[in-house]
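Colleague: Encoded as structure tokens, here's the structure I'll be asking about.
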Amino acid sequence: MSNINNGFFLFMFFLLLWCLVHSGTAIDPFSHSHSLETECLIKPPRSNETQGLLLLSRFVEDDSEQEWKIDGNGIIREMAQRIQLHQGNIYSFSAWVKLREGKDKNVGVVFRTENGRLVHGGEVKAKQGCWSLLKGGIVPDVSGFVDILFQSEDREVMISANNVSLKQFSKEEWKLKQDQLIEKIRKTKVRFEVTYQNKTAVKGAVISLKQTKPYFLLGCAMNFRILQSEGYRKWFASRFKITSFTNEMKWYTTEKARGQENYTLADSMLKFAEQNGILVRGHNVLWDDPKMQPSWVKKIKDPEDLMNVTLNRINSVIKRYKGKLTGWDVVNENVHWDYFEKMLGVNASSGFYNLAYKLDPDVTLFVNEYNTIENAKEVTATPIKVKKKMEEILACPGNMNIKGAIGAQGHFSPTQPNLAYMRSALDTLGSLGLPVWLTELDMPKCADQAKYMEGILREAYSHPAVKGIIIFAGPEVSGFDKLTLADKDFNNTETGDVIDKLLKEWQQKSPESQKIFVADIESEEGEVSLLHGHYNVNVSHPLMKNLSTSLSLEVTKEMGQRQVVRVVI
């Protein structure tokens, strides 16, 4: 939905109420009710959320409705009052929309700047007769006035809107909400109560905790150069616990000539990972981009011949690494591209996922796409369309039990990221209830790369649907020239400092044991907020050397917000 000439038409939303107050009827941009993302409601709810500065609010209390028409010629029917935005703030938009009639249509929000530039802010699949939640936003790169517009892929459609709001957050306020969410979704408060065998309290006990296995993983891709550099291997193994290989598992690497398979690079890299306790995510079995096939595959014109070599590829690579990988990108970028669908039929992807599932039923199978969370202007692999592709695959006979997941690659441009849009995109992807991973996160070099990357990483980490992140990065010797984390001597770059800081903050970089002093059972000193994962716990007393015990502890979100652990020494 990039411009009017592409056949996507805009209309100006008629703003019935414009105000500047500190509370109102806005949807909380940090609210993660999956029901709001999937249900179509008879009446639009209103929210009592008070965080953020409310710039725009409209809510119709009665059953009266006002409709707006997107004209076939792109004519603006209603003029709106402009809203002034300020550089440095984040603006969250929400509205409930529905169609008067017809089939479901994608409806988006667009911000038109004073120079006529259209900034896309988010979209939803609107339906007839019930209300769907449209969420998104904008992070302006300059201060100025904008017009708020709705956009649809249909040339003529009648749309109703209600509970429309635009809220302003400073970056400090946005980060505060991120931190609050992280505390809620990534941690559980654990209270330790230590007693003697006779059940009397042990006063002055000391509890030491060390995380042995985090639930959330911030990983990093690697390439063949890791086999050539001991420094690269040491650098990597000291930091990361999950990886993917950039090219070494791909078809055009493992079978450069027909029938001549060579897995030497992938096998050697997998061996290094296994020796260092590093999980590996498979990337990829097939690639739907016609340009990314082995050169000899590109020459195949007979569908039956292509099917035979494709099935051989799937069987070969999945059987070889069965039980050794955490996931597979089965048909990479099959929303943007359709090479196999054009050659083998529209259900080709679904069939390949079915075969992958039968070959390794325990591995997670991903739909992996780019521009889904990082580019609000995307028209092909939008969050709605990526979600639909996953639904189509799972709906295919025999696929209902697949362990599905969504991979959002995250190749961001070297500009201020639109975190409000990113959050709404993750909301849509997460509404399926499947794990979401950022799988190839990077950004070209720019002056503010470290700052931008930290914002993106924290945004992903604060979203409950996101279960892990893999960055496409490395030290200078690795050849990752976009996201370089260390120089030739393995000294950190500024962005490398950010990654190390987050690894430590998210307790993946083997920090020192955390110690807790327990005064008595009633004291609050025995309570600590722990990230979800596995821990080794040692309980002792400084005055009683012969009294101590050790145990393993698993902290999960299923434990709730608070859990009591009773220890007897």
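For the sequence shown, the positions run -26 to -1, 1 to 543 when mature numbering (1 follows the signal peptide of the UniProt record, and there is no 0) is used. Where is the CB? At the ideal position from N, CA and C, for every residue including glycine. Small disclaimer: the values here were computed from a predicted structure and weren't measured.
Over what stretch of residues does the alpha helix (DSSP H) that includes Ile132 continue unbroken?
Modeller: The residue given as residue 132 occupies position 158 in the sequence shown. For the record, residue 132 in the displayed sequence is Met; it is not Ile. No alpha helix (DSSP H) holds Met132; the beta strand (DSSP E) holding it covers Val131 to Ser144.
Colleague: Is it buried or exposed for Arg287, if we count other Cβ within 10 angstroms and need 16 for buried?
Modeller: The sequence position of residue 287 within the sequence shown is 313, counting from 1. When all chains shown are included, Arg287 counts as buried.
Colleague: With which residues is Phe166 paired in a DSSP beta bridge?
Modeller: For the purposes of this step, residue 166 is taken as residue 192 along the sequence shown, with counting starting at 1. Phe166 pairs with Val539.
Colleague: Using DSSP with H/G/I as helix, E/B as strand and the rest coil, what is Leu406?
Modeller: For the purposes of this step, residue 406 is taken as the residue at position 432 of the sequence shown. Three-state DSSP puts Leu406 in coil, outside helix and strand.
Colleague: Can you give me the C-alpha to C-alpha distance between Pro438 and Glu278, rounded to a whole angstrom?
Modeller: Along the sequence shown, read from residue 1 onward, the residue named residue 438 stands at position 464. Along the sequence shown, read from residue 1 onward, the residue named residue 278 stands at position 304. Going from the Cα of Pro438 to the Cα of Glu278 covers about 44 Å.
Colleague: Would Glu222 be called buried (16 or more neighbouring beta carbons within 10 Å of its own) or exposed?
Modeller: The residue given as residue 222 occupies position 248 in the sequence shown. Flag for Glu222 reads buried.
Colleague: Quick check on DSSP: helix, strand or coil for Phe124?
Modeller: One-based indexing of the sequence shown puts residue 124 at position 150. Strand.
Colleague: Mark Ala447 as exposed unless 16 or more other C-beta atoms lie within 10 angstroms of its C-beta, in which case mark it buried.
Modeller: Taking the first residue of the sequence shown as 1, we reach residue 447 at position 473. Flag for Ala447 reads buried.
Colleague: Which residue wins for smallest C-alpha separation from Arg232, given the options Pro418, Lys265 and Val271?
Modeller: Mapped onto the sequence shown, residue 232 falls at position 258. Nearest of Pro418, Lys265 and Val271 to Arg232, Cα basis: Val271.
Colleague: Return the Cβ separation of Gly507 and Tyr295 in integer angstroms, given the expectation that the two are a contact with Cβ distance under 8 Å.
Modeller: Mapped onto the sequence shown, residue 507 falls at position 533. Mapped onto the sequence shown, residue 295 falls at position 321. No, Gly507 and Tyr295 are not in contact; Cβ-Cβ is about 26 Å, not under 8 Å.
Colleague: With DSSP as the reference, label Pro188 as helix, strand or coil.
Modeller: The sequence position of residue 188 within the sequence shown is 214, counting from 1. Pro188: strand per DSSP, three-state reduction.
Colleague: What's the call for Arg213, buried or exposed, on a 16-neighbour Cβ count within 10 Å?
Modeller: Indexing the sequence shown from 1 puts residue 213 at position 239. By the 10 Å Cβ count, Arg213 comes out buried.
Colleague: Tell me which residue opens and which closes the alpha helix (DSSP H) that Ile443 is part of.
Modeller: Locating residue 443 in the sequence shown gives position 469, where the first residue counts as 1. That residue, Ile443, is in no alpha helix (DSSP H); its beta strand (DSSP E) goes Val440 to Ile445.
Colleague: Can you tell me where the beta strand (DSSP E) holding Gln58 begins and where it ends?
Modeller: Here the question's residue 58 lines up with position 84 in the sequence shown. Ile57 to Leu59 is the span of the beta strand (DSSP E), which, as asked, contains Gln58.
Colleague: Taking the alpha-carbon positions, what's the Phe210 to Pro391 distance?
Modeller: As a working mapping, residue 210 is identified with position 236 in the sequence shown. As a working mapping, residue 391 is identified with position 417 in the sequence shown. When rounded, the distance between both Cα atoms is 27 Å.
Colleague: Per DSSP, which one or two residues make a beta bridge with His508?
Modeller: In the sequence shown, counting from the first residue as 1, residue 508 sits at position 534. DSSP, once it has assigned bridges, lists Lys187 and Glu528 as partnering His508.
Colleague: May I ask you to report which of helix, strand or coil DSSP gives Lys361?
Modeller: Counted from its first residue, the sequence shown places residue 361 at position 387. Here Lys361 sits in helix by DSSP.
Colleague: Ordered along the chain, which non-local residues of its own chain (more than five positions away) have a Cβ less than 6 Å from that of Val511?
Modeller: Residue 511 sits at position 537 when you count from the first residue of the sequence shown. Excluding positions up to five away in sequence, the list reads Leu183, Leu525 and Leu527.
Colleague: Tell me which residues share the same chain as Pro18 and place their Cβ nearer than 7 Å to its Cβ, disregarding the 5 neighbours each side in the sequence.
Modeller: Sequence index remark: in the sequence shown, residue 18 carries index 44 (1-based). If we look at Pro18 and ignore the five residues flanking it on each side, its Cβ neighbours are Trp70, Trp105, Asn136 and Asn137.
Colleague: Alpha carbon to alpha carbon, what distance is there between Lys332 and residue 544?
Modeller: Outside the displayed range of the chain (-26 to 543) lies residue 544, so it cannot be described from this structure.
Colleague: Pop quiz: Ser68 and Leu107 are said to be a contact at Cβ under 8 Å. What is the actual Cβ separation, rounded to whole angstroms?
Modeller: Sequence index remark: in the sequence shown, residue 68 carries index 94 (1-based). Sequence index remark: in the sequence shown, residue 107 carries index 133 (1-based). Confirmed, about 7 Å.
Colleague: Run through DSSP, which three-state label would Gly534 get?
Modeller: Taking the first residue of the sequence shown as 1, we reach residue 534 at position 560. The answer is coil: DSSP assigns Gly534 none of H, G, I, E or B.
Colleague: Relative to the alpha-carbon of residue 545, which residue among Lys361, Ser126 and Val168 has its alpha-carbon at the smallest distance?
Modeller: Outside the shown range of the chain (-26 to 543) lies residue 545, about which nothing can therefore be said.
Colleague: Taking Asp312 as the reference, give the member of Ala322, Val98 and Lys293 with the closest Cα.
Modeller: Here residue 312 refers to the residue found at position 338 of the sequence shown. When only C-alpha atoms are compared, the closest one is Ala322.
Colleague: Taking the DSSP output, what are the residues bridged to Met196?
Modeller: Along the sequence shown, read from residue 1 onward, the residue named residue 196 stands at position 222. DSSP output for Met196 lists Phe219 as bridge partner(s).
Colleague: Can you name the start and end residues of the alpha helix (DSSP H) that Ala434 belongs to?
Modeller: Along the sequence shown, read from residue 1 onward, the residue named residue 434 stands at position 460. Looking at the DSSP string, the run of the alpha helix (DSSP H) that includes Ala434 is Gln423 to Tyr435.
Colleague: Return helix, strand or coil for Gln267, following the three-state DSSP convention.
Modeller: Sequence index remark: in the sequence shown, residue 267 carries index 293 (1-based). If DSSP states are grouped into helix, strand and coil, Gln267 belongs with coil.
Colleague: Do Asn342 and Gln383 have their CB atoms nearer than 9 Å?
Modeller: Within the sequence shown, residue 342 is the residue found at index 368, counting from 1. Within the sequence shown, residue 383 is the residue found at index 409, counting from 1. Result yes, Cβ atoms of Asn342 and Gln383 sit closer than 9 Å.
Colleague: If the criterion is Cβ atoms closer than 9 Å, does the pair Lys377 and Thr413 meet it?
Modeller: In the sequence shown, the residue the question calls residue 377 occupies position 403. In the sequence shown, the residue the question calls residue 413 occupies position 439. Contact: no.
Colleague: Considering only the alpha carbon of each residue, which of Asp276, Lys163, Glu348 and Lys363 lies closest to Glu307?
Modeller: Within the sequence shown, residue 307 is the residue found at index 333, counting from 1. For Glu307, the nearest C-alpha among the options comes from Lys363.
Colleague: Taking its Cβ as the centre, do 16 or more other Cβ atoms sit within 10 Å of Asp128, making it buried, or is it exposed?
Modeller: The sequence position of residue 128 within the sequence shown is 154, counting from 1. Classification for Asp128: buried.
Colleague: Span of the alpha helix (DSSP H) holding Leu476?
Modeller: For this step, residue 476 is matched to residue 502 along the sequence shown. Note, Leu476: alpha helix (DSSP H), Glu468 to Glu479.
Colleague: In or out: Ile122 buried (at least 16 other Cβ within 10 Å) or exposed?
Modeller: Along the sequence shown, one-based indexing puts residue 122 at 148. With 16 or more Cβ atoms within 10 Å of its Cβ, Ile122 is classed as buried.
Colleague: May I ask which residues mark the beginning and end of the beta strand (DSSP E) holding Asp303?
Modeller: As a first step, residue 303 must be located in the sequence shown, where it is residue number 329. Start and end: Gly301 to Asp303.
Colleague: Which one of Gly110, Arg56 and Asn89 has the shortest CA to CA distance from Lys351?
Modeller: Position 377 of the sequence shown, counted from the first residue, corresponds to residue 351. Cα-wise, what sits closest to Lys351 is Gly110.
Colleague: Would you check if the distance between the CB atom of Leu477 and the CB atom of Ile443 is smaller than 9 Å?
Modeller: Here residue 477 corresponds to residue number 503 of the sequence shown, with the count starting at 1. Here residue 443 corresponds to residue number 469 of the sequence shown, with the count starting at 1. No, Cβ-Cβ distance for Leu477 and Ile443 is not below 9 Å.
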